[in-house]
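First comes the structure, then the notes that go with it.
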Amino acid sequence: MSPLESPLAAPAAHAAPASSPRRTAALLWWALGLLAALLMMAVAVRLSPSAPFTQGVDDWWRGINGATPDSGTYTWVLPMFFQFIGELGQLVIAFGIPIALLIVGRWRSALFFFVATFGAIAVVTQILKRLVDRPRPAADEALGLYGPLFSVDHGSFPSGHAVAVGSLVIGVAALIPAVRRTARAAWWIIGGLLMVGIVWQRTLINAHWLSDTIFGLVCGTGFALLMWWAFEPLIRKDDGRPVWFLHRGKTKAALTAA
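So for the sequence shown, my numbering puts the first residue at 598; every next one is plus one.
So this is what it looks like as structure tokens:
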């Protein structure tokens, strides 16, 4: 037998292909559970748009948190930050972050992030708003209650701002490699604060009922988790990938030396 036919050479010649990254089943189950809860709530609100089963809690929270037009509680920097998330901020989330990912050479992550955020904000949310058709909080000055203090679009359920924040939190978490536990834990804390803040601000300005904001978060996180599960193998291929323009000089130097 010649050296070329040696059994020791066979494994190298017929090496088994590396197994592709496997999806995490828990992501799918969490996504399906959240989206099922969203669907059931949407049906419940559609059956009684003006007074769903959560209306008692919604009214109670509005009485505690709703601001009046002459108060300054809704115009200082913190509530205005959350107001920004739903205006120009949604464009930054759905388009700015994917463009930044493309620039650094992570097209797979960019595709995931765009589908997860734009799909939740512009597709799922708008379909639900039109199908459910829940009226926003209306003014009742006799009771000291007021309607939205900023301009709003059609439909109160679900809160588009809350959907945007929910999809943002999950989208960023998906892009942090699991081995970076400290970074991911820090982001979960920041994300939790963003979620609480958006619920507070959207109900503070009387733009939504409490249940609209909570299920807005459910919508955004559920849809983004589903996309995380679907795109997980592609996202993992981007983990640890060097930023191309930071290593371009080193690559040229290596080629020149060779």
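Note that the Cβ used here is the ideal one computed from N, Cα and C, for glycine as well.
Given the structure is predicted, the values throughout are model-derived calculations rather than measurements.
- DSSP, read as helix, strand or coil, puts D750 in coil.
- Note on geometry: alpha-carbon atoms of F678 and I694 lie some 18 Å from one another.
- Excluding residues up to 5 positions away in sequence, A717, V760, G763, S764 lie with their Cβ nearer than 6 Å to the Cβ of G817 in the same chain.
- Here V766 really is in contact with G788; their C-beta atoms are around 3 Å apart, less than 8 Å.
- Classified as exposed, H751 has fewer than 16 neighbouring CB atoms from the shown chains inside 10 Å of its CB.
- Approximately 6 Å separates the beta-carbon atoms of M792 and L814; this is inside 8 Å, confirming the contact.
- In the structure shown, D656 falls within a helical segment according to DSSP collapsed to helix, strand and coil.
- Between P676 and L801, the C-beta spacing is below 9 Å.
- At the C-beta level, F828 and A770 stay beyond 9 Å of one another.
- Under DSSP, D737 shares a beta bridge with L742.
- In the three-state DSSP reduction, A648 falls in the coil class, being neither helix nor strand.
- In this structure, G768 sits near A713, with a CB-CB distance shorter than 9 Å.
- Note on geometry: alpha-carbon atoms of M638 and A628 lie some 15 Å from one another.
- The beta-carbon separation of F709 and A691, rounded to 12 Å, does not stay under the 8 Å limit for a contact.
- If you draw a 10 Å sphere on the C-beta of I832, you find 16 or more other C-beta atoms in it, and that means buried.
- For V701, the three-state secondary structure derived from DSSP is coil.
- With respect to the 9 Å criterion, P745 and N803 are classified as neighbours on the basis of their beta carbons.
- The C-alpha of L625 is placed about 20 Å away from the C-alpha of A707.
- With 16 or more other Cβ atoms inside 10 Å of its own Cβ, P649 counts as buried.
- Where G788 is concerned, the enclosing alpha helix (DSSP H) starts and stops at 778–801.
- Shortest Cα-Cα distance from G757 to any of G686, V776, W825, W657 involves G686.
- Comparing C-alpha distances from A634 to each of T779, G669, P755 shows the shortest one belongs to P755.
- Per DSSP, A664 is not a residue of any alpha helix (DSSP H), being assigned neither H nor E.
- Here S668 is exposed: its Cβ has fewer than 16 other Cβ atoms, across all protein chains shown, within 10 Å.
- Boundaries of the alpha helix (DSSP H) around D809: 807–835.
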